[in-house]
Amino acid sequence: MTPQVRRFGPEVRFSAVRGPLTRGMVEGMPALPMGDPGILVSEIWPAASAEKAYSVGLVPHQSQVGDPLWKALNEATPASILIDLTNPDINRTFDLFSKCEMIVSTSLHGLIFADAYGIPNVWAAYRDIHPAEAFKFYDYFSSIRRRQFRRLEILHCNRNLTAISPELIDTSHFARVGEYKNRIAAAFPSHLKA
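Note that the sequence shown covers residues 757 to 950 in this note's numbering.
What follows is the structure in structure tokens.
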């Protein structure tokens, strides 16, 4: 996954793109709406509970599930929970999200789902996942006008993640999440709606 400008034939129809970086790569379509459909998850699976049971939800990228680092971080962080986005029990997954005070994730969709539920979240980095991986994060952050673009570098497994620097946590974009959800829902092709 490396960013490059692409020309598409007339049979390809875009309804939206993740953000301004992607929109700039789709030649001839400068007015496409921006947004990631993952932000609608809270509309499909409303928060099961407003009560918080966990200090931090740890959400590894799917390629990092099972890596011993995540288990060690979970043990080093009081009242934390490890959330596996590959778990087929999607109701349980989103129930766990809604019970976390904060999310720390190397998965972009971990951050998007946290935004959907209004949960403060931090972009973490642990081993590069693929070439140009930061591109999709910057693209999403730009589309929702998130001000905090810095990653939390996870260098060792005994780090207590409840002690994250407050400057890495930005919730200013939460005020725009409703507008963002409406924009994505409106862009969805009507002939595909159930």
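Just so it is clear, CB atoms sit at the ideal spot from N, CA and C, and this is done for glycine as well.
| Check | Outcome |
| --- | --- |
| Indicate whether the contact test is met: 3 or more Cβ pairs, each with one atom in the segment 768 to 783 and one in the segment 820 to 830, closer than 8 Å. | no |
| Do you know how far the Cα of F897 is from the Cα of S928? | 12 Å |
| V815 bridges to which residues according to DSSP? | S861 |
| Taking only the alpha-carbon atoms, compute the straight-line gap between K949 and V797 and give it to the nearest angstrom. | 15 Å |
| Ignore the nearest five residues each way along the sequence and tell me which others in R902's own chain have a CB closer than 7 Å to its CB. | D926, H929 |
| With DSSP collapsed to three states, give me the class of N877. | strand |
| Which partner residues of R762 appear in the DSSP bridge assignment? | V782 |
| I'd like to know if the segment 867 to 881 and the segment 841 to 854 are in contact, where contact means that at least 3 CB-CB pairs between them fall below 8 Å. | yes |
| Roughly how many angstroms lie between the CA atoms of S811 and A941, to the nearest whole one? | 31 Å |
| Would you kindly check if the distance between the Cβ of G791 and the Cβ of Y936 is under 9 Å? | yes |
| What does a CB cutoff of less than 7 Å around R932 pick up in its chain, not counting 5 residues either side in sequence? | I900, R901 |
| Let me check you understand the geometry: is the CB of S863 closer than 8 Å to at least one non-hydrogen atom of the ligand PLP? | This structure does not include the ligand PLP; it has no bound ligands of any sort. |
| Between the C-alpha atoms of L841 and W801, what's the straight-line distance to the nearest angstrom? | 14 Å |
| For E788, which three-state DSSP category applies? | According to the sequence provided, residue 788 is Leu. The question's Glu does not apply to it. The answer is coil: DSSP assigns L788 none of H, G, I, E or B. |
| Take the Cβ of V768 as the centre, count every other Cβ of all protein chains shown within 10 Å, and call the residue buried at 16 or more, exposed below. | exposed |
| Using three-state DSSP, classify V768 as helix, strand or coil. | coil |
| Going by beta carbon distance, what residues of the same chain come within less than 7 Å of R915, once the five residues before and after it are set aside? | L829, A832 |
| Would you identify the three-state DSSP class for Y882, choosing helix, strand or coil? | coil |
| Nearest-angstrom Cα distance between P945 and Y894? | 26 Å |
| Pick out whichever of N877, G934, S863 has its Cα sitting closest to the Cα of E857. | N877 |
| What's the gap between the Cα of I910 and the Cα of E783? | 37 Å |
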